[in-house]
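First residue of the sequence shown: 828, per the numbering used here; consecutive thereafter. We put the CB at the ideal spot given by N, CA and C, even for glycine. The next block holds one structure in the form of structure tokens; read it before the comments.
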Amino acid sequence: MRILVIAAFLLGSAASAEPPAGSPPGIVTAVAMTDRPASASALDDSRKPVEVLKFLGLKRGDRVLDVMTGSGYYAEIIGNAIGSKGTVAALEPVVFADAKSRAEFAALTGRVPNVKLVEAMPGDFAPPPNSVDFTLMHLVYHDLYWASDKYRFPRMDPAAFLKRLYTATKPGGIVGVVDHAASPGGDTRAVVDKLHRIDPAVVKADFARAGFKLEAESDLLKVAGDDHSKTVFDPALKGKTDRFVMRFRKPA
828 MRILVIAAFL LGSAASAEPP AGSPPGIVTA VAMTDRPASA SALDDSRKPV
878 EVLKFLGLKR GDRVLDVMTG SGYYAEIIGN AIGSKGTVAA LEPVVFADAK
928 SRAEFAALTG RVPNVKLVEA MPGDFAPPPN SVDFTLMHLV YHDLYWASDK
978 YRFPRMDPAA FLKRLYTATK PGGIVGVVDH AASPGGDTRA VVDKLHRIDP
1028 AVVKADFARA GFKLEAESDL LKVAGDDHSK TVFDPALKGK TDRFVMRFRK
1078 PA
């Protein structure tokens, strides 16, 4: 049922008139919105959402998938930036949902009605074919290699997830990946379990196997002082991890 609901949500904007070609996204305005929670705005300096979303190529009217949205930090910015003709499906693992997070997200969707919370496990979620213009995976791609009995988070198959994402992405559509960088080598699942980081080369290889093309990468969030040896949850590294930014595209 969740998949049917979100399918209608993603496809629902198809009847809307398309914005003029080259219409600039309202990213700067979206980040500057004064009704954003203070806790979200406080992250802007370290996350650089304006620069990141411009680099990734977000456009007005896009149908967007925000994978493992968390607090909805990017879902809210994107929902405002793409305008009323666009939609954001904010996917959050159902095992992380509770009364507090649902109430906070209800407030978010009250502020930005074109954002829809979807509670489903990434391993089960399958958007309709050719329904997504833009997908964001912000600090979460590594979680496809993570599993936890404590948090009831099951082991997933990254290749299967990317196969479904490729099918869901429209020809010419974009997938943006931002994640904590790990040093090259090592067993990916072991590194993720210990540090919650991932080798950029692993991400590139995964997406290439799925059929996506790496169009560009950026050092916008590069932090030279992070040697990749500590967990991203180390208090000294909060907001200061070395992160890579990649723009993948499904061939038109």
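Can you give the Cα-Cα distance for residue i and residue j, rounded to whole angstroms?
{"i": "Ser-1010", "j": "Lys-1077", "result": "27 Å"}
{"i": "Asn-941", "j": "Ser-911", "result": "6 Å"}
{"i": "Val-1019", "j": "Phe-988", "result": "17 Å"}
{"i": "Ala-1079", "j": "Ala-1063", "result": "43 Å"}
{"i": "Ile-905", "j": "Pro-949", "result": "20 Å"}
{"i": "Ala-857", "j": "Val-939", "result": "11 Å"}
{"i": "Leu-1041", "j": "Phe-1075", "result": "4 Å"}
{"i": "Lys-997", "j": "Gly-1003", "result": "14 Å"}
{"i": "Lys-1021", "j": "Lys-1057", "result": "9 Å"}
{"i": "Leu-971", "j": "Val-879", "result": "22 Å"}
{"i": "Val-877", "j": "His-969", "result": "23 Å"}
Determine the DSSP secondary structure at residue i, reduced to helix, strand or coil.
{"i": "Leu-1047", "result": "coil"}
{"i": "Val-1072", "result": "strand"}
{"i": "Lys-1065", "result": "coil"}
{"i": "Ala-1079", "result": "coil"}
{"i": "Leu-1022", "result": "helix"}
{"i": "Leu-989", "result": "helix"}
{"i": "His-969", "result": "helix"}
{"i": "Ser-928", "result": "helix"}
{"i": "Phe-952", "result": "coil"}
{"i": "Arg-1036", "result": "helix"}
{"i": "Ala-995", "result": "helix"}
Going by C-alpha distance, which of the options is nearest residue i?
{"i": "Arg-874", "options": "Gly-906, Asp-970 and Asp-1006", "result": "Asp-1006"}
{"i": "Glu-919", "options": "Tyr-901, Asp-1026, Gly-913 and Ile-909", "result": "Tyr-901"}
{"i": "Ala-924", "options": "Asp-1054, Gly-1066 and Gly-897", "result": "Gly-897"}
{"i": "Leu-1048", "options": "Phe-1071, Ala-867 and Lys-1031", "result": "Phe-1071"}
Using the beta-carbon count (16 or more within 10 Å), is residue i buried or exposed?
{"i": "Arg-829", "result": "Caution applies to Arg-829, whose pLDDT of 49 falls short of 50 and renders its modelled position unreliable; the model cannot decide the point."}
{"i": "Val-922", "result": "exposed"}
{"i": "Val-832", "result": "Its pLDDT being 46, under 50, Val-832 is placed unreliably by the model, and the measurement read from it follows with that caveat. Per the 10 Å Cβ criterion, exposed."}
{"i": "Gly-899", "result": "buried"}
{"i": "Pro-956", "result": "exposed"}
Sufficient close CB pairs (3 or more, under 8 Å) joining the stretch 956-973 to the stretch 881-896:
yes
Check whether the stretch 927-947 touches the stretch 980-987, taking contact to mean three or more Cβ pairs, one atom from each stretch, closer than 8 Å.
no
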